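K.L.:
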Amino acid sequence: MIEFANTAAAGLFAALIIIIILHLLLQRREERVVSSTYLFRELTAVSSQLNRRLRLRFSWLLLAQLLAAAFLVMAVMQPDAFGLFGGERTVVVVDASASMQAEDVAPNRFGEAVSQAQDYVSERAGQDTAVLAAAAEPTVVQGFTSDAQRLRTALDGMAPSEETVDMEAALRVAQSMIGHGHAGRIVVFTDASFEGASMDLESPLEVVTVGQSSDNVGIVGLDAVPAGRSQFDVMARIGNFSGESKTVGAVLDSAGGTAADKSVTLEAGEIREVFFQLEVDGRQEFVLSLESGGDLRLDDQVSLTLGLEERPRVLLVTPGNVFLERALLSYPDIRLFTRESVSEPQAYDLVVFDRVQPSAEVERAAYFNVLPPDLADSFGLQSQNRSLTVSSMDRTHRLFRFLNLGDLRASDYRTVERAGGIESLVDAGEGSVIAAYEDNDQRWVFVGFDLYDSNFPLSVDFPLFIGNVLEWLGPEAVEVGPVLSPEESDIGPRWDYTAEIEAPGAGRPAIEAARISLWPYVLFMTVLLIGAEWFLFDRSSGGKRSLRQ
Amino acid sequence: MILSSEFLQKLERLSLVLRRTRNRQLAGSRESYRLGAGLEFHDFAPYQPGDDYRYVDWSLYARLGQLFLKLFVEEHDTNIHLLVDGSRSMSFHPQKAELAAQLAAAFGYISLRQLDGVSAAYMTDRITTELPARRGRPQIFRLLQFLEKGPESGMTDMARVLARFAYYHKRPGLLVICSDFFCDSDFPQLIRNLVAARWQIVLVQVLSPEEARPQLEQPLVLVDSESGERVLVDAEGLTERYRDRLERFQRQLASMMAFGVHYIPVSTDDSVEDIVFRAFREQGVVR
Chain P
1 MIEFANTAAA GLFAALIIII ILHLLLQRRE ERVVSSTYLF RELTAVSSQL NRRLRLRFSW
61 LLLAQLLAAA FLVMAVMQPD AFGLFGGERT VVVVDASASM QAEDVAPNRF GEAVSQAQDY
121 VSERAGQDTA VLAAAAEPTV VQGFTSDAQR LRTALDGMAP SEETVDMEAA LRVAQSMIGH
181 GHAGRIVVFT DASFEGASMD LESPLEVVTV GQSSDNVGIV GLDAVPAGRS QFDVMARIGN
241 FSGESKTVGA VLDSAGGTAA DKSVTLEAGE IREVFFQLEV DGRQEFVLSL ESGGDLRLDD
301 QVSLTLGLEE RPRVLLVTPG NVFLERALLS YPDIRLFTRE SVSEPQAYDL VVFDRVQPSA
361 EVERAAYFNV LPPDLADSFG LQSQNRSLTV SSMDRTHRLF RFLNLGDLRA SDYRTVERAG
421 GIESLVDAGE GSVIAAYEDN DQRWVFVGFD LYDSNFPLSV DFPLFIGNVL EWLGPEAVEV
481 GPVLSPEESD IGPRWDYTAE IEAPGAGRPA IEAARISLWP YVLFMTVLLI GAEWFLFDRS
541 SGGKRSLRQ
Chain L
1 MILSSEFLQK LERLSLVLRR TRNRQLAGSR ESYRLGAGLE FHDFAPYQPG DDYRYVDWSL
61 YARLGQLFLK LFVEEHDTNI HLLVDGSRSM SFHPQKAELA AQLAAAFGYI SLRQLDGVSA
121 AYMTDRITTE LPARRGRPQI FRLLQFLEKG PESGMTDMAR VLARFAYYHK RPGLLVICSD
181 FFCDSDFPQL IRNLVAARWQ IVLVQVLSPE EARPQLEQPL VLVDSESGER VLVDAEGLTE
241 RYRDRLERFQ RQLASMMAFG VHYIPVSTDD SVEDIVFRAF REQGVVR
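Here the protein sequences line up with chains P and L, keeping their order.
The numbering of the first sequence is my numbering, which starts it at 1 and goes up by one.
The numbering of the second sequence is my numbering, which starts it at 1 and goes up by one.
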């Protein structure tokens with residue numbers, strides 16, 4: 001197989017087009033004297049049209065020049081041959097998952113893996129080697145090269161991620177880089193702290209493990225729910241992944257100091273929930289930290305933001321709806337404004353349209369039996385003049401949390417199509433009667449019937465539904481920072497590659513001298529062609545002929 | 001000599017076929033429309049006062065007691081003008097110039113033998129050299145000598161030449177033009193004007209095989225031998241398109257036959273004897 005080190009030079013192939021154009025332009029026509037051109041003049045008009053097409057005639061000189069130019073460009077592209085003469089390709093895979101940040105070895109597992117990988121490529125300088133980073137998705141850091149310095153630089157530039165590793169995908173990519181039927185080797189530098197990666201490999205696999213410790217206690221989950229006007233219940237999941245019982249301190253700090261702390265004793269392998277109650281004034285940031293969290297620091301801290309700057313402003317646009325007004329007023333954490341027509345909807349955090357046609361879309365809105373004209377067109381709003389028969393319901397959606405809705409009835413209803421980002425919560429066969437839409441910052445809910453023609457407001461589900469709507473459409477009162485998955489917090493080695501990977505010829509010694517640079521030979525061919533061209537065309541014509549035939 | 005003595009002997013058998021002309025200057029061997037002092041009797045006419053009584057038929061008067069005049073067909077000569085193209089396009093293929101001169105000489109020889117006055121001239125964009133009209137057999141050597149001198153060189157401008165010719169030659173006669181007629185100017189119009197002025201015109205188009213069937217198989221720059229003009233041509237279908245163009249050009253020349261012009265295309269492949277005895281006869285120019 002042949003690869004080019006300097007593929008950017010392929011652009012120089014454009015020079016071939018220039019040579020062809022020059023040949024077309026300088027194509028010499030034979031002159032012939034005739035008694036008179038009188039009869040030819042009329043034919044020339046036709047001929048000139050033909051000439052515009054500039055047909056290229058075959059010429060040995062042109063062929064020689066094109067070949068010489070092509071060889072020259074190929075020489076600049078630095079072609080390397082490998083595999084043709086029995087060489088072997090090696091793919092170095094470096095685990096860049098979150099667990100590689102464990103500091104049981106100095107400076108950490110990832111640093112150690114990179115260092116060992118650099119030593120490895122240095123020892124095998126001159127051989128064809130590539131570098132692959134294994135994380136949630138494998139990334140080729142450096143394509144095949146025999147330049148050890150380039151490989152070391154590529155390894156230096158690598159950084160660990162906070163993701164879980166998909167080693168199986170990384171190994172598949174490595175194998176495809178080597179290619180089927182080619183001699184190759186995959187060398188993995190990892191802490192092996194992931195669940196199995198079972199597969200058959202064509203090439204031999206060599207695994208270099210870094211770090212053996214499993215001493216880690218980490219935060220593997222964090223959530224908070226409002227528990228009153230300014231109170232929040234915070235739940236943290238803490239796991240002990242070491243082989244012995246551990247007692248750790250969990251501390252919730254804010255800008256004003258420690259807001260809460262607890263000491264937790266966890267058995268080996270135990271994951272436990274720890275609860276805190278916080279009083280929040282407005283919007284406040286907290287950091288949950290573990291003391292004595294083990295070798296991986298990454299999972300010892302998680303940020304948490306609670307509360308809102310001010311109560312959300314909710315605008316109810318309705319000709320009058322006692323159900324909606326009562327349901328909304330039952331939530332003290334909002335400021336409700338009721339209007340009969342829309343006025344400056346952007347001044348509110350969310351708008352509830354009840355049977356009043358909005359003129360345009362609103363970023364956060366609940367539409368009761370109406371839709372803005374744009375949305376109505378986009379999602380095919382249709383009126384169904386018959387009693388509602390629910391065909392299916394999605395109770396998993398956040399809007400239907402704690403809802404039953406088993407006996408929903410409505411005399412007339414309207415539907416939207418189940419397409420284009422619409423999530424159908426209540427389906428009536430012809431389309432969605434209650435639907436939710438979410439796209440970046442835009443969210444809206446559609447309820448396709450008049451509440452006065454339905455039993456929905458009389459059910460216990462109605463105020464809960466309105467509460468869910470307010471929560472889903474309103475500003476987020478709880479924001480949690482990234483939390484490491486338990487798989488990554490568990491930093492102990494779990495991958496038994498000797499059992500899970502079928503790799504024939506493992507341990508086979510690599511074949512030396514894999515890659516051969518071809519550019520000197522190509523350059524020699526170029527010189528040979530230019531010499532032949534000079535000898536055959538220029539020398540015989542005293543140097544007067546260049547691009548002419 | 002431009003024509004062999006054997007060929008000249010054969011030409012003795014031929015005579016030009018010319019239409020009658022109205023004018024008369026010198027008595028010759030041609031019948032004219034005019035009736036008068038000839039040898040060939042034509043008709044009788046009643047005597048009118050003022051008629052020349054030398055032509056009164058007195059024996060008829062003796063029999064009938066009425067005066068009648070005897071009318072004779074007046075015989076006179078016709079001037080034959082030979083215009084030979086002397087441009088470079090004719091000398092480019094020497095056979096063309098030679099054949100044109102030979103054909104003109106043949107016309108001249110036949111005419112002089114019939115006591116017609118014969119003038120000859122070489123033309124390019126003007127009449128370069130001219131042999132004034134002479135009659136009588138002894139002039140044949142001067143004519144052959146003149147034509148033997150060969151053509152001049154230059155560009156053809158047939159229209160200009162014919163316009164000058166018409167200006168200087170008021171008396172109609174027979175005009176024989178030997179040329180390839182490769183000429184930009186609108187000479188057919190001038191030929192029609194000459195015909196209208198009672199001129200009898202014979203156009204002899206002399207072409208070489210290279211002009212009739214050129215072999216053009218690659219893109220060429222064609223250079224005009226007269227003007228040096230360069231014409232870029234592509235070889236694709238050129239031979240066919242040239243043949244069509246030549247046929248169209250020859251049809252244009254032949255179209256003048258509709259108003260009495262004789263058009264005789266000849267090739268240098270043909271012998272002068274074959275042309276005179278076959279082509280000229282077929283066209284009714286000689287008999």
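Don't be surprised by glycine CBs; every beta carbon is placed ideally from N, CA and C.
In this text the structure is predicted, and so the values were computed from the model without any measurement.
Where in the region 36-86 of chain L do unbroken runs of the beta strand (DSSP E), each at least 3 residues long, occur, reported from the N-terminal end onward?
P.N.:
Runs found: 68-76 and 79-85.
K.L.:
Just verifying my parser: in three-state terms, what is the DSSP assignment at L:I275?
P.N.:
In the structure shown, L:I275 sits in a helix (DSSP, three-state: H, G or I).
K.L.:
Identify whether P:P358 lies in helix, strand or coil by the three-state DSSP scheme.
P.N.:
Coil at P:P358, not helix or strand.
K.L.:
Go ahead and pull the three-state DSSP assignment for P:D461.
P.N.:
In the structure shown, P:D461 sits in a helix (DSSP, three-state: H, G or I).
K.L.:
For chain P, check one thing: does any of its Cβ atoms lie closer than 8 Å to the Cβ of L:E211?
P.N.:
At least one chain P Cβ lies under 8 Å of L:E211.
K.L.:
Within the 8 Å Cβ cut-off, does P:S36 reach chain L?
P.N.:
With 8 Å as the cut-off, P:S36 counts as an interface residue toward chain L.
K.L.:
In whole angstroms, what separates the C-alpha of L:R24 from that of L:H81?
P.N.:
Low confidence applies here, because L:R24 scores a pLDDT of 41, under 50, leaving its location unreliable and the question unanswered by this model.
K.L.:
Which stretch, first to last residue, makes up the alpha helix (DSSP H) that contains P:A250?
P.N.:
Run containing P:A250: none in the alpha helix (DSSP H); it sits in the beta strand (DSSP E), K246 to S254.
K.L.:
What residue ranges within the region 352-415 of chain P form continuous beta strand (DSSP E) runs of no fewer than 3 residues, ordered along the chain?
P.N.:
Counting only runs of 3 or more, we get 364-368, 382-384 and 413-415.
K.L.:
Any beta-carbon of chain P closer than 8 Å to the one on L:E226?
P.N.:
L:E226 counts as touching chain P.
K.L.:
Between P:R185 and the rest of its own chain, which residues show a CB-CB distance below 7 Å, the 5 nearest in sequence each way excluded?
P.N.:
Cβ neighbours of P:R185 beyond the five flanking positions: E88, T90, S203, P204, E206 and A510.
K.L.:
Measuring only the C-alpha atoms, how far is P:A145 from P:T129?
P.N.:
Before going further, note that residue 145 of chain P is Thr rather than Ala in the sequence given. One C-alpha to the other measures close to 5 Å.
K.L.:
Could you tell me which uninterrupted beta strand (DSSP E) segments, each at least 3 residues in length, are contained entirely in the region 430-493 of chain P, listed from first to last along the chain?
P.N.:
Qualifying beta strand (DSSP E) stretches, in chain order: 432-439, 442-447 and 478-480.
K.L.:
For L:N193, count neighbouring Cβ atoms within 10 angstroms of its own Cβ and tell me buried if that reaches 16, exposed if not.
P.N.:
Exposed, since its Cβ has fewer than 16 Cβ neighbours within 10 Å.
K.L.:
What residue range is occupied by the uninterrupted beta strand (DSSP E) comprising L:K96?
P.N.:
L:K96 -> not in any beta strand (DSSP E); alpha helix (DSSP H) instead, spanning P94 to R113.
K.L.:
Does the distance from the CB of P:V433 to the CB of P:L473 come in under 8 Å?
P.N.:
No, Cβ-Cβ distance for P:V433 and P:L473 is not below 8 Å.
K.L.:
At the level of alpha carbons, what is the spacing between L:A100 and L:Q218?
P.N.:
Rounded to whole angstroms, L:A100 to L:Q218 spans 32 Å at the Cα level.
K.L.:
Taking the alpha-carbon positions, what's the L:D157 to L:C183 distance?
P.N.:
Each residue's alpha carbon lies about 6 Å from the other.
K.L.:
Look at the Cβ atom of P:P79, then the Cβ atom of P:V527, and state whether they are nearer than 8 Å.
P.N.:
No; because the gap between Cβ atoms is not below 8 Å, this pair is not in contact.
K.L.:
Would you check whether the ligand GDP has a heavy atom nearer than 7 Å to the C-beta of P:L408?
P.N.:
The ligand GDP is not among the ligands present in this structure, which contains no ligands whatsoever.
K.L.:
Going by the beta-carbon positions, is the gap between L:F68 and L:F44 smaller than 8 Å?
P.N.:
Taking 8 Å as the Cβ cut-off, L:F68 and L:F44 qualify as a contacting pair.
K.L.:
Can you pull the chain P residues whose beta carbon is under 9 Å from the beta carbon of L:S89, in chain order?
P.N.:
Going along chain P in sequence order, the residues near L:S89 (Cβ under 9 Å) are V34, S35, S36 and Y38.
K.L.:
If I measure Cβ to Cβ from P:L16 and keep anything under 6 Å in the same chain, skipping five residues before and after, which residues do I get?
P.N.:
L66 and A69, listed in sequence order.
K.L.:
Short of 7 Å in beta carbon distance, which residues of its chain neighbour P:G492, apart from the five on each side in sequence? Order them along the chain.
P.N.:
Counting only Cβ-Cβ distances below 7 Å, and skipping sequence neighbours, we find S193, S214 and F241.
K.L.:
Among P:L24, P:V121, P:A96 and P:E123, whose alpha-carbon lies nearest the alpha-carbon of P:F110?
P.N.:
When only C-alpha atoms are compared, the closest one is P:A96.
K.L.:
Are P:G429 and P:S391 touching if we call contact CB-CB under 8 Å?
P.N.:
In this structure, P:S391 lies closer than 8 Å to P:G429 by Cβ.
K.L.:
Under 7 Å between beta-carbons, which chain L residues line up against P:L43? List them in chain order, please.
P.N.:
Per Cβ cutoff of 7 Å: V233, L238, R241, Y242 and R245.
K.L.:
Going along the chain, which residues of its own chain have a beta-carbon closer than 7 Å to the beta-carbon of P:A260, five neighbours each way excluded?
P.N.:
If we look at P:A260 and ignore the five residues flanking it on each side, its Cβ neighbours are L252, F276 and L278.
K.L.:
So for P:G294, helix, strand or coil by DSSP?
P.N.:
In the structure shown, P:G294 sits in a strand (DSSP, three-state: E or B).
K.L.:
Whose CA, out of P:I422, P:V356, P:Q127 and P:D427, lies closest to the CA of P:D439?
P.N.:
Out of P:I422, P:V356, P:Q127 and P:D427, P:I422 has the C-alpha closest to the C-alpha of P:D439.
K.L.:
Please compile the residues from chain L whose C-beta is within a distance smaller than 9 Å of the C-beta of P:E31.
P.N.:
Simply L220, V221, L222, V223 and R230.
K.L.:
Contact defined as beta carbons within less than 8 Å: I believe P:L381 pairs with P:V352. What is the distance between those atoms, to the nearest angstrom?
P.N.:
With a Cβ gap of about 18 Å, P:L381 and P:V352 do not count as contacting.
K.L.:
Once you ignore the five residues that flank L:R278 on each side, which residues in its own chain have a CB closer than 8 Å to its CB?
P.N.:
The answer is none, since no qualifying residue turns up.
K.L.:
Between L:S89 and L:P265, what straight-line distance do the alpha-carbon atoms span, to the nearest angstrom?
P.N.:
Distance between the alpha carbons of L:S89 and L:P265: 16 Å.
K.L.:
From P:A102 to P:V140, what distance separates their C-alpha atoms?
P.N.:
Each residue's Cα considered, the two are about 24 Å apart.
K.L.:
Apart from the five residues just before and just after L:G284, which ones in its own chain have a Cβ nearer than 7 Å to its Cβ?
P.N.:
V17, listed in sequence order.
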